[in-house]
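The structure under discussion appears below in the form of structure tokens.
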Amino acid sequence: MIRVLLVDDQPLIRSGFRALLDLEDDIEVVAEAADGSEGLELAKEHLPDVALVDIQMPVIDGIDVTRRIAADPALAGVHVVILTNYGLDEYVFDALRAGAAGFLVKDVVPEDFLHAVRVAARGDALLAPSITRKLIKQYVAQPLPTGTGTGLEELTRREREAVVLVAQGLSNDEIADRLVISPLTAKTHINRAMAKLHARDRAQLVVLAYESGLVAPRNA
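If you use the UniProt record's numbering, the sequence shown corresponds to residues 1 to 220, in order.
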């Protein structure tokens with residue numbers, strides 16, 4: 001059973017998402033919060049698999065909620081999915097840096113919404129290739145911050161190759177095909193790279209790949 005926490009200051013949005021989730025046999029909404037502070041407390045209380053968090057809320061915004069969840073070892077199993085009205089708005093990249101597993105636009109079709117919840121719960125890639133390309137084009141192509149890239153020297157050649165392909169938006173199966181290895185081996189390379197780079201999930205791995213210079217935006 002996938003346990004979900006809804007954090008959004010708009011009751012209509014929460015009720016709409018809850019109605020969709022309640023229809024699924026493998027998903028349970030464990031709590032709802034109307035602001036970021038309440039959301040943090042409920043995350044600690046219920047330890048959900050997925051926290052759907054609005055990016056703009058009173059008291060504590062979604063980016064700060066994400067950052068606090070990512071920094072708390074007790075909440076390591078909570079995968080934050082940012083909800084936004086505007087797609088790739090100015091806050092999305094900050095949210096991914098803060099530790100979000102990905103993001104969803106609130107007008108997403110029900111099938112994609114449910115799929116995203118299940119993907120996030122597994123800890124797999126939530127950003128589709130098309131979204132990754134848009135993210136790279138609009139945000140990652142900005143000047144890179146200094147002091148990034150620590151840990152790259154620890155990656156094996158195969159791990160580096162896998163990270164590059166993750167950053168290009170490929171799935172495990174596609175990476176396996178490209179590297180002529182099994183999907184399980186591809187996943188192993190990715191998981192080891194995440195551990196070495198201290199990436200919370202694949203979304204952060206994408207951010208690190210570009211910030212470190214392992215992948216150049218112009219090649220995306």
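Even glycine gets a Cβ: it sits at the ideal position worked out from N, Cα and C.
Owing to the predicted nature of the structure, the values given are computational and were not obtained by experimental measurement.
When rounded, the separation of the alpha-carbon atoms in GLY62 and ALA186 is 32 Å. ALA121 is positioned such that its CB atom lies closer than 8 Å to that of ILE2. Annotation for LYS196: GLY151, GLU154, LEU155, GLU159 place their beta carbon closer than 8 Å to its own, counting only its chain and skipping 5 residues before and after. If the five residues before and after ASP64 are omitted, its C-beta is found closer than 7 Å to the C-beta atoms of GLY36, all from its own chain and listed in chain order. DSSP places GLY39 within a helical segment (H, G or I) once states are collapsed to three. Between ALA31 and LEU47, the C-beta spacing is not below 8 Å. THR84 is bridged by DSSP to VAL105. Assigned with DSSP and collapsed to three states, ILE69 falls in helix. If you check the CB distance, VAL81 and LEU52 come in under 8 Å.
Per the DSSP secondary-structure output, LEU52 pairs in a beta bridge with LEU6, VAL81. Judged by DSSP secondary structure, ALA33 falls within the beta strand (DSSP E) whose first and last residues are 27 to 33.
Around the beta carbon of ARG68, a 10 Å sphere encloses 16 or more other beta carbons of the protein chains shown; the residue is thus reported as buried.
Where HIS198 is concerned, there is no enclosing alpha helix (DSSP H), because DSSP gives it neither an H nor an E. The C-beta distance from ILE55 to ALA95 rounds to 6 Å, short enough to meet the 8 Å contact threshold. For GLN168, the secondary structure class from DSSP, reduced to helix, strand or coil, is coil. Within the same chain, ALA34, ASP35, ASP54, MET57, PRO58 come within 7 Å of ASP9 by CB-CB distance, once the 5 residues on both sides are set aside. Taking the C-beta atoms as reference points, VAL215 is found nearer than 8 Å to ALA167. In this model, ASP25 and GLY213 are separated by some 43 Å (Cα to Cα).
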